[in-house]
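Engineer: Per the working numbering, the very first residue in the sequence shown carries number 532; after that it's consecutive. Glycine included, each C-beta is placed from N, C-alpha and C at the ideal position. The structure is given below, and queries will be raised subsequently.
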Amino acid sequence: MTTATEMGRRDAVDMAAATIMVGLTFSWGLNYVAAKVSYAGYDPVFVSIARSILGGLCVLGWCRLRGIKLFRPDGTLVAGVVVGVLFGVEFLCLYIGLEYTTVARNTLLVNTMPFWVLIGSHFLLGERINARKLGGLVLAFCGLAAVFSEGIVAGNNATLTGDLLSLGSGILWAMTSIVIKRSKLVDTSAEKLLLYQLAGAAVVGLLVMPFAGAPIRAVTALPTLALLFQSFYIVAFTYVLWFWLLTRYPAAGLSSFAFLSPAFGVLCGA
532 MTTATEMGRR DAVDMAAATI MVGLTFSWGL NYVAAKVSYA GYDPVFVSIA RSILGGLCVL
592 GWCRLRGIKL FRPDGTLVAG VVVGVLFGVE FLCLYIGLEY TTVARNTLLV NTMPFWVLIG
652 SHFLLGERIN ARKLGGLVLA FCGLAAVFSE GIVAGNNATL TGDLLSLGSG ILWAMTSIVI
712 KRSKLVDTSA EKLLLYQLAG AAVVGLLVMP FAGAPIRAVT ALPTLALLFQ SFYIVAFTYV
772 LWFWLLTRYP AAGLSSFAFL SPAFGVLCGA
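Written out as structure tokens, the structure is:
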């Protein structure tokens, strides 16, 4: 039997999806700056936990308002736990890495995600690499090599640590996308899919928190507003929209837009 989700799937990214992705990548570029600002008041691990809980409560409220059923059995629990753990570790790498490197370097390295999605999609999803996609891979590799050559010349071990964590975040982001496309999660609602990941991020963060620094640093208005922006706009709105797109369009096609985030991140951080 064909599900509503299957009927709504597309074989290529259309103009509507492309327009949404440009808006999402701009928002995500701004998010890196907001995260950096929030560190003036809060530890990165605490930020990851807080935004997951606050954003999750917002999504739960939306589901209750819309009557979206979250707890009926649909065979997604195991895959949901897997993507939850991947998502949680991904954002710990992103946030901790961002404290040790610049916004520009962090956004570029995290957004090598399309590089890894293209490779994974070729072998696991049947989305074959063509000449256009291969050109994107080459551009991603050149940018990656440029970032690391700068770090080696500078000899800054702290920056290299941040770079490696940022790169790890991009790889984990790609793994999350591929697991979603390979599992029954592709047929579930975007809200339930996001809640799996927010729950995973909160649990992973709480497990790591005892080994992190003091959760509260110097609370002022700007870091708090930056944290709320991440929680209510980035998490509760843009991520739901991203996962909705991911259940309907090819992963590699959507992921290619992630290369815009570094440019937007640098622009917003200028």
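Using only alpha-carbon positions, find the residue among Pro746, Thr755, Asp718, Leu617 that is nearest to leucine 729.
Structural biologist: The candidate whose alpha carbon is nearest that of leucine 729 is Leu617.
Engineer: Tell me whether tyrosine 573 sits in a helix, a strand or coil according to DSSP, three-state version.
Structural biologist: strand
Engineer: Identify the continuous alpha helix (DSSP H) that holds phenylalanine 646 and give its terminal residues.
Structural biologist: Element bounds for phenylalanine 646: 644-651.
Engineer: State the start and end residues of the unbroken alpha helix (DSSP H) segment that holds valine 616.
Structural biologist: 608-631
Engineer: Identify which residue in Gly744, Met706, Phe742, Leu555 has its Cα closest to the Cα of leucine 649.
Structural biologist: Met706
Engineer: Measure how close the beta-carbons of glycine 657 and isoleucine 709 come, nearest whole angstrom, since I'm counting them as under 8 Å.
Structural biologist: Between isoleucine 709 and glycine 657 the Cβ distance is about 12 Å, and since that is not below 8 Å, they are no contact.
Engineer: Exposed or buried, which one is lysine 600 when buried takes at least 16 other CB atoms within 10 Å?
Structural biologist: Lysine 600 comes out exposed.
Engineer: What does DSSP give as the partner residue(s) for cysteine 747 in the beta ladder?
Structural biologist: Checking the displayed sequence, the identity of residue 747 turns out to be isoleucine instead of cysteine. Answer by DSSP bridge pairing, in chain order: Tyr573.
Engineer: Between the Cα of valine 766 and the Cα atoms of Ala782, Leu726, Phe788, which residue gives the shortest distance?
Structural biologist: Leu726
Engineer: From glutamate 722 to threonine 769, what does the alpha carbon distance come to, in whole angstroms?
Structural biologist: A straight line joining the alpha-carbon of glutamate 722 with that of threonine 769 spans about 11 Å.
Engineer: In angstroms, rounded to a whole number, what distance separates the CA positions of phenylalanine 622 and arginine 636?
Structural biologist: 16 Å
Engineer: Taking Cβ to Cβ, would you say serine 579 is nearer than 8 Å to alanine 732?
Structural biologist: yes
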